[in-house]
Amino acid sequence: MQRPLLLTGFMATGKTTVARRVAEATGRPWVDLDQRVEERAGKTIAALFADEGESAFRARERAELTQLLQRWRDEFSQAPVVSLGGGALLQREVRLEAIEAAVVVTLTASPAEIVRRVEADSGAPRPLLGSARGAAAEARVRELLEAREIAYRECHGQVSTEGREVSGIQEEVLGHWERDAVAVAAGAASYVVEIGADRLGSRLAPLVGRCSSALLVTDTTVGGLYGERARAALDTLGVPVAEVALEPGEQHKNLRGLEQIYARAFEANLDRGSALVGLGGGVVTDMTGFAAATWMRGVRWVGAPTTLLAMVDASVGGKTGVDFRSAKNSVGAFWQPAGVLCDVTTLRTEEQRAYGSALAEVVKTALIGDPALFELLERESEGILRREPELVREVVERCVRVKAHVVARDEREGGLRAVLNLGHTVGHGLEAAGDFTLLTHGEAVSLGLVAALRIGRRLGQTPAELEARCMALLAKLALPHRLDQGALDDAARLVGHDKKRAGKALRFVVARDVGAVDTHMLSLDELVTHTRSVADP
Ligand code: NAD
């Protein structure tokens with residue numbers, strides 16, 4: 002429990018009571034944010050609302066929360082439990098900051114129960130309800146809850162406090178805190194990514210949750226290694242569980258493979274309440290997600306990625322799909338999973354070349370948004386190559402956090418998400434030039450990163466020291482980093498053939514520092530010229 006626990010939720014959902022109980026049970030400090038605001042202002046919340054209005058109160062609340070999230074270590078030796086006011090996380094940017102710095106749990110209760118509790122506690126002023134009572138109050142609560150639905154969904158978990166013993170509530174909240182998952186904010190479709198060792202047996206079923214039946218989708222390789230563990234876990238759901246094992250590999254990521262999933266779903270009578278579970282690498286993850294997006298116009302799905310690439314990249318962001326003829330991922334949909342489980346123990350059996358080349362995506366991710374991850378890679382390259390479990394867990398978690406940060410701010414690839422393409426423009430060209438067989442995707446990205454750094458230097462954006470530092474890191478991680486003139490000429494030709502983009506400017510991602518990337522507009526012709534000119538001497 003390294004991050005603070007924030008309890009949010011509508012008025013009278015039990016935030017203060019539960020926070021106090023969790024703090025007592027764990028011996029952690031307890032902070033009530035409203036109380037802090039009152040102390041600093043020297044007035045009660047009701048007086049602040051009356052004198053300054055709601056927006057001034059929210060500004061004070063935000064400042065107090067930001068300070069607490071950034072500076073709690075100055076005050077406490079261990080992460081505290083914090084109860085928030087019901088409106089503290091309504092502004093999205095505040096909410097995103099909170100779910101990144103803390104574990105956020107929303108307490109819930111029905112409108113009728115909320116009104117019952119409010120009326121029983123006549124002492125506490127409730128400015129949002131005014132003088133409304135009974136049915137009018139309930140209608141007002143329902144209206145406010147609808148308006149706040151997304152704000153209360155973008156968190157690590159929701160816990161009902163209605164008709165339950167406090168001890169059960171406390172235990173459920175504590176479970177969220179202990180798991181310390183990464184919350185991916187995607188509006189009503191928000192979810193968590195849990196990362197840890199030996200989790201398949203214990204955590205798969207809780208992430209799938211209530212469903213009428215389940216379909217486990219895997220490939221024959223992964224099914225042989227981990228299928229039994231996953232099946233045993235899913236059996237605890239107490240619903241019928243069917244299974245389909247696809248042929249492994251990208252060449253089966255197509256409509257025929259998809260049809261196998263639909264056929265099994267049909268035979269097993271999967272309905273709107275069923276859930277799909279994808280156990281495998283990026284191919285199985287993408288196909289399961291797309292099958293879930295389209296079966297009965299959309300059912301729940303959970304990803305259990307088993308390759309490093311699938312954990313650090315395919316598991317987050319909701320992009321699903323299959324290849325059509327030579328066009329990769331051309332048939333697809335955005336469809337968020339209900340949850341993702343990265344059991345890093347499964348990476349032990351991943352083939353070395355696949356594991357090693359996925360580290361290129363890890364380097365890219367560190368460059369985009371995590372200087373501490375970059376330093377970890379520099380310091381612990383050998384342990385990471387040996388797949389030491391705690392190091393691998395940290396690497397996966399840091400990557401998932403960076404990707405979650407980016408996609409939360411750009412779910413549908415409108416802007417910020419473009420930075421995830423760092424190293425991919427020339428990388429794709431090199432991958433295609435090798436007919437998708439000479440280089441793995443990760444190896445092509447590694448070379449693409451070198452090209453992007455050198456193009457960045459030509460554009461006056463990337464300092465020489467950054468290029469040198471990245472080259473040294475790629476070498477330490479045994480990733481390819483020598484750019485051959487012939488391969489670059491082929492890649493440039495393929496990049497230049499992209500008729501869709503001819504004459505248009507494209508947003509090329511450049512690195513200015515570790516954790517500081519930007520886009521730079523380039524014409525296709527400029528890109529081709531630069532690509533040809535960055536070979537090793
Ligand atoms: P993959 O899924 O084909 O897996 C590679 C091979 O490893 C397969 O043969 C598989 O059977 C085997 N394997 C998987 N897990 C294993 C394990 N734990 N032990 C032993 N063998 C194991 O390839 P990949 O590299 O995981 O994923 C590539 C795919 O991911 C591509 O299709 C790509 O488009 C997709 N992808 C999607 C996204 C996204 O955002 N949706 C992001 C990145 C990549």
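Using the numbering used here, the letters of the sequence shown correspond one by one to residues 2 to 538.
Yeah, the Cβ is synthetic: ideal placement off N, Cα and C, and Gly gets one too.
Contact between Pro30 and Pro112 fails: their C-beta atoms lie close to 33 Å from each other, not under 8 Å.
In this structure, Gly283 has its beta carbon less than 7 Å from a heavy atom of the ligand NAD. Taking C-alpha positions only, Ala89 is separated from Phe11 by approximately 10 Å.
Counting C-beta atoms within 10 angstroms of its own C-beta, Ser447 has 16 or more neighbours from the protein chains shown and is therefore classed as buried.
Distance from the CA atom of Pro306 to the CA atom of Leu201, rounded to whole angstroms, is 10 Å. Non-local C-beta neighbours of Arg127 in its own chain, meaning closer than 7 Å and more than five positions away in sequence, comprise Met12 and Val119, ordered along the chain. For a cut-off of 8 Å, the C-beta gap from Ala339 to Ala186 is around 15 Å, too long to register as a contact. Within the same chain, Leu226 come within 7 Å of Thr350 by CB-CB distance, once the 5 residues on both sides are set aside. Under the 10 Å beta carbon count, Phe267 is surrounded by fewer than 16 other beta carbons and is classified as exposed. Rounded to the nearest whole angstrom, the CA to CA distance from Val420 to Ala315 is 16 Å. Within the segment 382 to 445, the runs of alpha helix (DSSP H) that reach at least 4 residues and sit entirely inside it are, in chain order, 382 to 386, 390 to 409 and 425 to 434. CA-to-CA, the gap between Leu454 and Ala24 works out to about 48 Å. In the structure shown, Val19 falls within a helical segment according to DSSP collapsed to helix, strand and coil. Between the alpha carbons of Val427 and Thr532 lies a distance of about 7 Å. About 6 Å separates the beta carbon of Leu208 from that of Leu342, a gap short enough to meet the 8 Å contact definition.
Two segments are said to touch when three or more pairs of C-beta atoms, one from each, lie closer than 8 Å; by this definition the segment 274 to 292 touches the segment 328 to 339. Between Leu360 and Leu480, the C-beta spacing is below 8 Å. For Gly202, the shortest C-beta to heavy atom distance toward the ligand NAD is 7 Å or greater. Counting other Cβ atoms within 10 Å of its Cβ, Ala148 stays below 16 and is therefore classed as exposed.
Contact holds between the segment 511 to 520 and the segment 371 to 384, because three or more Cβ pairs, one in each stretch, are under 8 Å apart. In this model, Gly197 and Ala506 are separated by some 42 Å (Cα to Cα). Set against 7 Å, the gap from the CB of Asn255 to the closest heavy atom of the ligand NAD is not smaller.
Within the same chain, and ignoring the five residues on either side of Leu478 in sequence, the residues whose Cβ sits closer than 6 Å to its Cβ are Leu360 and Ser382. Beta-bridge annotation (DSSP): Asp344 is paired with Gly197. Between Val242 and the set His253, Gly274 and Leu256, the nearest pair of CA atoms involves Gly274. At least one heavy atom of the ligand NAD sits closer than 7 Å to the Cβ of Ala355. Only buried fits Ala433, as 16 or more other CB atoms lie within 10 angstroms of its CB. By alpha-carbon distance to Gly228, the top candidate from Gly210, Leu247, Val240 and Ser214 is Leu247. At least one heavy atom of the ligand NAD is found less than 7 Å from the C-beta of Glu251. Taken from the Cβ of Lys16, every heavy atom of the ligand NAD lies 7 Å or farther away. Under the three-state reduction of DSSP, Phe375 is assigned to helix. Bounds of the alpha helix (DSSP H) holding Arg61 are Glu55 to Glu76. If one requires a minimum length of 4 residues, the alpha helix (DSSP H) runs lying completely within the segment 165 to 197 are 167 to 180, in chain order.
For a cut-off of 8 Å, the C-beta gap from Leu34 to Glu65 is around 6 Å, short enough to register as a contact. Cβ contact annotation for His406 (same chain, cutoff 7 Å, sequence separation greater than five): Glu101 and Gly370, in chain order. Residue environment: Gly43 is assigned as exposed (fewer than 16 neighbouring CB atoms within 10 Å of its CB, all protein chains considered).
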